[in-house]
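> Dumping the structure here so I can ask a few things about it.
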Amino acid sequence: MRIQLENVFYQYDRKPALHGICLNIEQGSLTVLCGVTGSGKSTLLRLIAGLEQPDSGSISCGENDEESARPIASMVFQQPETQLFASTVYKDIEYGLEQHRVPKPLWQERVRSALAQVGLPYESYSRRSPFLLSGGEKRRVCIAGAIAAHPGLLVLDEPTAGLDPPAAAALLDKVQQLRADGLTIVIGTHDLDSFLPLADQVVLLSQGAVCYSGSVDPLNADPGPLYAAGLTAPAYIRIGRTLRERGRLEPQHKPRSLDELLSGLRSHPLPIPGSSREPGTTISAGHLLSGEKRQLPPIPPKAPEPETAARTDRWLSLDPRVKWLGMALGSIVILRMGALLPLLLATAMIGGLLLSAEIPWKRMLRFFRPFLVMFLFLWLLSALSWDSPDFTLGPLGFSGEGFLQGGLAVLRFLLLIAIGFLFTETTTGAPLREGLEWAIAPLERLGIRTRNWSLAISITLQFVPWILERLAQLQLALRSRGRQKGRLAHWTPRQISLLIVPLLILVISMGDELATAIDSRGYDPRKKRTPSYVLVWLTRDTIALVCIVLSAAVLWVCS
């Protein structure tokens, strides 16, 4: 499948992530996409895979109707544990075939063939749980699920990340085999030593723009564009260039891989260090690897992550005690409200605070979406009336007063959740914990170990956004398996059930890692610790607290 991108732009909540992207990916080629963290690499991969849509520009796939009718792309993400859903390997691959409407009689043969292509015997792996496999085996299962539907394009995001050398070498062999079979492959990676020798085309990204697009040979001759994009040239390029400068390789010999470099050295062996032959020309390993870098363009500054860049200093720099007091006062006032007008006024105030914090809209929507569905159901439930309904809808009766009171209760709970969301989004871990310990310090006089409580609560408050992020990753991975045309945009009960097990596994794994981290730091609740973050009350904190108290007083009077 041939992919063409023309003047593609993409934004994260009005923050540009990609701009002016123009690419041409040929049928059956292997394209390596490189860039530092925050350069837009993963975003571009999702656009190419069809999981996101550009804000402007166009992405066209295929050259004729028959080719365009095939599945556009399959994508394998960096973390395989976020894209395995079913109880067995067979069922996991089978789900993608069902979504792409592959005829059911072909499923077993497709699964068998896909597993064979990635080096996993069908008889040994088809009935095994994908969650119990090793990291390399999980990644192979993900690739098998991606290629089983015979896509026109395979997109891989950091495919060798976390793999040991034998597993990485086996993966490279499978990638070459798939390319030889005519599959178009796009790989986003930092592992240039492994993938640059295989590439037909290299694309370098820097701060959301393409700074190089072309074949590998010009980069072998002059790796300057790699350094200009903030990357380091593969070891064989750096060593080869130094050896050519020292006359140990022919000037025209520019190795494309480590094997070619070693082949060239056989005809020009290096002198033995310390020997009397050609004194002063011995080359050290350190010079081979880094000697040329000082002559190349400086590395540009790292581009910030879109969601991190959206946070403003005026919120992060506030003393966490101000935020704790504000959250406590706001919660008390909101719980007291029983009329519509003060609740609307509180909604406007909290909405203004959320806007001033510049939290990305997508992040807010992802956080509140599950609560909206649940509260809508509770609202309708509170409006049911069996005795004297104001109006009926079939067998169901509804009360107008129930609608009003239920709506007010739902709005109160949403405002409380919004306050907590604002607090966790604008307070990092250490300040949050120190502020909480300050708030509950008086309880120590009652013999309560406040340090344990503050640690537990701070971890819980940070755990909720983490779970929502992992849920978004799982939803994206599930969507990458393909969805039938004409299906409604919402998630079906079956798809929701598929998300539960991997989400629970991720949560348990994260909890285990946190417990291990706490133990490794020698945590002892009986010992007084030195705070990692010192609370300092400034004038701006006093001003902020006065504004909070005045706002709470106004809402209290209105309620």
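If you read the sequence shown in the UniProt record's numbering, its first letter stands for residue 1, the second for the next number, and so on. Note that the Cβ used here is the ideal one computed from N, Cα and C, for glycine as well.
(1) Which same chain residues, not among the five before or five after A418, have their C-beta less than 6 Å away from its C-beta?
(2) Taking the alpha-carbon positions, what's the A517 to G511 distance?
(3) Are S39 and Q207 closer than 8 Å when you measure CB to CB?
(4) Over the uninterrupted beta strand (DSSP E) stretch that includes L154, give me the two end residues.
(5) Among the residues of its own chain, which have a CB less than 7 Å from the CB of L345, if the five just before and after it don't count?
(6) Among residues of its own chain, excluding the 5 on either side of L519, which ones have a beta-carbon nearer than 7 Å to its beta-carbon?
(7) Helix, strand or coil: which one does DSSP assign to A339?
(8) Using a threshold of 8 Å, state whether the C-beta atoms of R110 and L120 are closer than that.
(9) So what's P304 in DSSP terms, helix, strand or just coil?
(10) By alpha-carbon positions, which one of Q405, L471, L506 and S74 ends up nearest to I496?
(11) L381 and G338: beta carbons closer than 8 Å?
(12) Please state whether the Cβ-Cβ distance between D173 and V76 is less than 8 Å.
(13) Sort A144, S42 and K104 by Cα distance to H78 and report the nearest one.
(14) Measuring CB atoms only, is the region 143-157 touching the region 45-62, in the sense that at least three cross pairs come out at less than 8 Å?
(15) Would you report the Cα separation of K254 and L196, rounded to the nearest angstrom?
(16) Measuring alpha carbon to alpha carbon, tell me which residue in L335, F423 and G326 is nearest A544.
(17) Kindly list the residues whose CB is nearer than 6 Å to the CB of S74, restricted to its own chain and excluding five residues on each side of it in sequence; keep chain order.
(18) Are there 16 or more other CB atoms within 10 angstroms of the CB of D222, so buried, or fewer, so exposed?
(19) Does the structure place the region 367-387 close enough to the region 447-461 that three or more beta carbon pairs sit under 8 Å?
(20) List the whole-angstrom C-beta distance separating V141 from P159, where the pair is believed to meet the contact cut-off of C-beta under 8 Å.
(21) Have a look at A209 and E425 and give me their C-alpha separation to the nearest angstrom.
(22) Indicate the three-state DSSP secondary structure (helix, strand or coil) for P223 in the structure shown.
(23) Measure the C-alpha to C-alpha separation of I299 and I239 and round it to an integer number of angstroms.
(24) Please state the DSSP three-state secondary structure of T232.
(25) Alpha carbon to alpha carbon, what distance is there between K91 and L316?
(26) Would you list the residues sitting across from P16 in a DSSP beta bridge?
(27) Could you have a look at G188 and say whether DSSP puts it in helix, strand or coil?
(28) In or out: E245 buried (at least 16 other Cβ within 10 Å) or exposed?
(29) Do you know offhand how far L204's Cα is from I59's?
(30) Hey, Y227 and L261: beta-carbon distance below 8 Å or not?
(31) Using the Cα positions of W107 and E52, report the straight-line distance between them to the nearest angstrom.
(32) The alpha helix (DSSP H) that contains F403, what's its start and end?
(33) Since F391 sits in a beta bridge, which residues does DSSP pair it with?
(34) Nearest-angstrom Cα distance between A348 and L355?
(35) Alpha carbon to alpha carbon, how far is L538 from L329?
(36) Using 10 angstroms around the beta-carbon of P54, count the other beta-carbons present and answer buried if the total reaches 16, otherwise exposed.
According to the structure data:
(1) I350
(2) 10 Å
(3) yes
(4) L153 to D157
(5) L555 and C558
(6) One detail in the question is off: residue 519 reads as Asp in this sequence, not Leu. So no residue of the chain qualifies.
(7) coil
(8) no
(9) Here P304 scores only 44 on pLDDT, less than 50, and its place in the model is too uncertain to base an answer on.
(10) L471
(11) no
(12) no
(13) The amino acid at residue 78 is misidentified as His; the sequence shows Gln. Closest by alpha carbon: S42.
(14) yes
(15) 14 Å
(16) G326
(17) A146, P151 and L154
(18) exposed
(19) no
(20) Incorrect: roughly 13 Å between the Cβ atoms, too far for contact.
(21) 29 Å
(22) coil
(23) Because the pLDDT of I299 is 43, which lies under 50, any placement of that residue in the model is unreliable, and the question is left without a value.
(24) coil
(25) 46 Å
(26) Q11
(27) strand
(28) exposed
(29) 19 Å
(30) no
(31) 28 Å
(32) G400 to E425
(33) F398
(34) 11 Å
(35) 20 Å
(36) buried
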